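A.B. asks: Residue numbers (the numbering used here): 748 to 1204.
Each residue gets a CB set at the ideal place from its N, CA and C atoms; glycine is no exception.
Predicted model, so just to flag it, every value in this text is computed and none were measured.
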Ligand SMILES: [Zn+2]
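1) Spell out the partners DSSP gives residue 963 in its beta bridges.
2) Would you list the residues sitting across from residue 915 in a DSSP beta bridge?
3) Quick one: Cα of residue 982 to Cα of residue 1058, how far?
4) Quick check: is any heavy atom of ligand 1 less than 7 Å from the C-beta of residue 976?
5) Between residue 995 and the rest of its own chain, which residues show a CB-CB distance below 6 Å, the 5 nearest in sequence each way excluded?
6) Tell me the start and end of each unbroken beta strand (DSSP E) in the stretch 967 to 995 that is at least 3 residues and wholly inside, in chain order.
7) How many angstroms separate the CA atom of residue 801 from the CA atom of residue 821?
8) Is it the case that the CB of residue 1005 approaches a heavy atom of ligand 1 more closely than 7 Å?
9) Is residue 991 near ligand 3, with its Cβ less than 7 Å from a heavy atom?
10) Might you give, ordered along the chain, the residues of its own chain that have their beta carbon closer than 8 Å to the beta carbon of residue 977, omitting 5 neighbours on each side?
11) Using a 10 Å radius around the Cβ and a threshold of 16 neighbouring Cβ atoms, would you call residue 750 buried or exposed?
12) May I ask you to report which of helix, strand or coil DSSP gives residue 1096?
13) Once the 5 residues before and after residue 1187 are set aside, which same chain residues still bring their CB inside 6 Å of it?
14) State yes or no: is the C-beta of residue 833 within less than 8 Å of the C-beta of residue 823?
15) Based on the DSSP output, what are the partners of residue 1177 in its beta bridges?
16) Taking the C-alpha atoms as reference points, what is the distance between residue 787 and residue 923?
17) Going by DSSP, what residue range makes up the beta strand (DSSP E) through residue 1062?
18) Cβ of residue 901 within 8 Å of Cβ of residue 1177?
19) Using only the heavy atoms of ligand 1, determine whether one of them is closer than 7 Å to the beta carbon of residue 987.
20) Determine the DSSP secondary structure at residue 876, reduced to helix, strand or coil.
21) Looking only at DSSP bridge pairs, what is residue 1089 linked to?
22) What distance in whole Å lies between the Cβ atoms of residue 1115 and residue 1083, which are believed to be in contact at a cut-off of 8 Å?
23) Given this structure, state the Cα-to-Cα distance separating residue 819 from residue 1169, to the nearest angstrom.
24) With distances taken Cα to Cα, identify the nearest neighbour of residue 848 among 825, 1137, 814, 895.
25) Can you list, in chain order, the residues of its chain with a C-beta nearer than 6 Å to that of residue 790? Leave out the 5 residues immediately preceding and following it.
26) Measure the C-alpha to C-alpha separation of residue 829 and residue 889 and round it to an integer number of angstroms.
27) What span of residues does the alpha helix (DSSP H) with residue 832 cover, start to end?
28) Tell me whether residue 1043 sits in a helix, a strand or coil according to DSSP, three-state version.
29) Using three-state DSSP, classify residue 1202 as helix, strand or coil.
30) Anyone know if the C-beta pair for residue 1068 and residue 1043 falls short of 8 Å?
31) Going by the beta-carbon positions, is the gap between residue 1079 and residue 1119 smaller than 8 Å?
32) Looking only at its own chain, which residues have a Cβ that is under 7 Å from the Cβ of residue 919, when we skip the five neighbours before and after it?
33) With C-beta atoms as the reference, is residue 913 less than 8 Å away from residue 898?
34) Taking the C-alpha atoms as reference points, what is the distance between residue 1147 and residue 925?
35) Give me the residue from 1018, 1183, 939, 921 with the minimum Cα distance to residue 911.
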């Protein structure tokens, strides 16, 4: 009797182990098969790494960005458009990890969970993908960045459609340069800097400090300060670019007074600053269409008072991604809550299954409606009194904030601008960063201006 019982238990355990094994492998297959299929050791793959019969990728206006003809992957006929769209579309390889030809390779090549790549071509063809980007705007961004390294991110703050996500340096996916791994000019070319790179945000971060202050300091808008260009905070100097004179809260943002915002950060303390920064996307990944961004970073856990002061003006160890900064501007333009960005309008399934319909998704609020409306007005005032509305566009009414973030002891700085268009017809939020661009006003605004002009043309 006892022996029978032992055997029963043994059989039960073996059965359980068997099913656990099946479950493990099924889950593993479900999660990873689409990645395994594009591995080079897969014998089904050819020179085009499985793309030779893949579906067509279109931009928002049905311009063909990539298609397969006679067993070869062919990209757009204009070299500038090919380079401009590289980080969104990808190339034949999977080197650009966030490009759709990498992330969605199994979808566009017709990989099937049950049948693998083994389905007949007649059934398999037609996995076309329609993107939200506008190749004309991509090209304008690529040309405006020129030989600089940097990124442009523009999206519709009402619908979430990303119309531009450009990154430089780039290369031609149709003729991948043979010296790409050794030539300095291609350094980091596989990285989409709009989402996968984080930079010191400099004064664009004053939008975060402003939000925290409006939230937690009573009557902060009436707080005045006479800036003579520097002040000792926590025993060490905080400097402004120039003496900013007599300021209230709105004027302090418009003239970008470092001391004013450094003092706010210290008054609020690390807890309040961290909480607000995290509410606005810092220390989290931004995920859209299965593509993950790098994290923006706000960490003052080891900061002394002077460090905390510098963090309030986007220096110290603060880092931000362009997509994050664009979403902050989008929140301000959209009553405090940013619409989540997206890139893929639909994927036409070979199986005849319905295409994925995108729904507008509003993210959690970064600030109250009242604070959003105050910041809206302040960014409007900043452009009007400091940059000039015409520096952005002759036709679009733009609200913005620049940043010039020091990144080394030699005084070179990254140039930033983030903002949004007021026009109901052009509800776009944007962020531009130019590495070592040295001036948000002189370097980043002209890039934003070219890109915005290409939208309204
Ligand atoms: Zn100042």
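C.D. replies: So, to answer that:
1) As a position in the chain shown, residue 963 is number 216, starting the count at 1. Residue 963 is not bridged to any residue.
2) For the purposes of this step, residue 915 is taken as the residue at position 168 of the chain shown. Secondary-structure assignment with DSSP links residue 915 through a beta bridge to 897.
3) The sequence position of residue 982 within the chain shown is 235, counting from 1. The sequence position of residue 1058 within the chain shown is 311, counting from 1. Residue 982 and residue 1058: Cα-Cα distance of roughly 16 Å.
4) Taking the chain shown and counting its residues from 1, one reaches residue 976 at position 229. For ligand 1, at least one heavy atom lies less than 7 Å from the Cβ of residue 976.
5) For the purposes of this step, residue 995 is identified with residue 248 of the chain shown, where counting begins at 1. Same-chain partners within the cutoff: 971.
6) Counting whole runs of 3 or more residues, the stretch 967 to 995 contains the beta strand (DSSP E) stretches 972 to 974, 977 to 980, 983 to 986, 992 to 994.
7) As a working note, residue 801 is residue 54 in the chain shown. As a working note, residue 821 is residue 74 in the chain shown. C-alpha separation (whole angstroms): 11 Å.
8) For the purposes of this step, residue 1005 is taken as the residue at position 258 of the chain shown. Under cutoff, so the answer is yes.
9) Ligands displayed in this structure: ligand 1; ligand 3 is not among them.
10) If you number the chain shown from 1, residue 977 lands on position 230. Result list for residue 977: 984, 985, 986, 987, 1006, in chain order.
11) Residue 750 sits at position 3 when you count from the first residue of the chain shown. With fewer than 16 other beta carbons inside 10 angstroms of its own, residue 750 counts as exposed.
12) The count along the chain shown starts at 1 and reaches residue 1096 at position 349. Coil at residue 1096, not helix or strand.
13) Your numbering for residue 1187 matches position 440 in the chain shown. Same-chain partners within the cutoff: 1149, 1150, 1151, 1162, 1163, 1164.
14) As a position in the chain shown, residue 833 is number 86, starting the count at 1. As a position in the chain shown, residue 823 is number 76, starting the count at 1. In this structure, residue 833 sits away from residue 823, with a CB-CB distance that is not shorter than 8 Å.
15) Residue mapping note: residue 1177 aligns to position 430 of the chain shown, counting from 1. In the DSSP assignment, the residues bridged to residue 1177 are 901, 1166.
16) The residue given as residue 787 occupies position 40 in the chain shown. The residue given as residue 923 occupies position 176 in the chain shown. Reliability of the predicted coordinates at residue 787 is poor, the pLDDT of 49 falling under 50, and the value obtained from them is presented with this limitation in mind. Approximately 18 Å, taken between the alpha carbons.
17) Counting from 1 along the chain shown, the entry for residue 1062 is found at position 315. Under the DSSP assignment, residue 1062 falls outside any beta strand (DSSP E); it carries neither an H nor an E label.
18) Stepping through the chain shown from its first residue, residue 901 is reached at position 154. Stepping through the chain shown from its first residue, residue 1177 is reached at position 430. In this structure, residue 901 places its C-beta atom within 8 Å of the C-beta atom of residue 1177.
19) Counting from 1 along the chain shown, the entry for residue 987 is found at position 240. Yes, since a heavy atom of ligand 1 falls inside the 7 Å radius drawn around the Cβ of residue 987.
20) To locate residue 876, count along the chain shown from 1; it is residue 129. Note: residue 876 maps to strand in three-state DSSP.
21) As a working mapping, residue 1089 is identified with position 342 in the chain shown. When DSSP reads this structure, residue 1089 sits in a beta bridge with 908.
22) Taking the first residue of the chain shown as 1, we reach residue 1083 at position 336. Taking the first residue of the chain shown as 1, we reach residue 1115 at position 368. Under the criterion of beta carbons closer than 8 Å, residue 1083 and residue 1115 qualify as touching, at roughly 6 Å.
23) Taking the chain shown and counting its residues from 1, one reaches residue 819 at position 72. Taking the chain shown and counting its residues from 1, one reaches residue 1169 at position 422. One C-alpha to the other measures close to 44 Å.
24) Counting from one through the chain shown, the residue named residue 848 turns up at place 101. Of the listed residues, the one whose Cα sits closest to residue 848 is 814.
25) Walking along the chain shown from the start, residue 790 turns up at place 43. Note that residue 790 scores a pLDDT of 46, beneath 50, so its modelled location is shaky and nothing firm can be said.
26) Your numbering for residue 829 matches position 82 in the chain shown. Your numbering for residue 889 matches position 142 in the chain shown. Residue 829 and residue 889 have their C-alpha atoms roughly 10 Å apart.
27) For the purposes of this step, residue 832 is taken as the residue at position 85 of the chain shown. 826 to 836 is the span of the alpha helix (DSSP H), which, as asked, contains residue 832.
28) Here residue 1043 is taken as the residue at index 296 of the chain shown, counted from 1. Three-state DSSP puts residue 1043 in a strand.
29) One-based indexing of the chain shown puts residue 1202 at position 455. Correct three-state label for residue 1202: helix.
30) Residue numbering aside, residue 1068 sits at position 321 when the chain shown is read from its first letter. Residue numbering aside, residue 1043 sits at position 296 when the chain shown is read from its first letter. Yes, the pair counts as a contact, with Cβ atoms nearer than the cut-off.
31) Counting from 1 along the chain shown, the entry for residue 1079 is found at position 332. Counting from 1 along the chain shown, the entry for residue 1119 is found at position 372. A contact, by the Cβ cut-off of 8 Å.
32) For this step, residue 919 is matched to residue 172 along the chain shown. Setting aside the 5 residues that flank it on each side, residue 919 is surrounded in the same chain by 826, 829, 830, each with a C-beta closer than 7 Å to its C-beta; the list follows chain order.
33) Counting from one through the chain shown, the residue named residue 913 turns up at place 166. Counting from one through the chain shown, the residue named residue 898 turns up at place 151. Closer than 8 Å, so yes.
34) Reading the chain shown from its first residue, position 400 is the one you call residue 1147. Reading the chain shown from its first residue, position 178 is the one you call residue 925. Taking the straight line from one Cα to the other gives about 41 Å.
35) As a working note, residue 911 is residue 164 in the chain shown. With distances taken between Cα atoms, residue 911 lies closest to 939.
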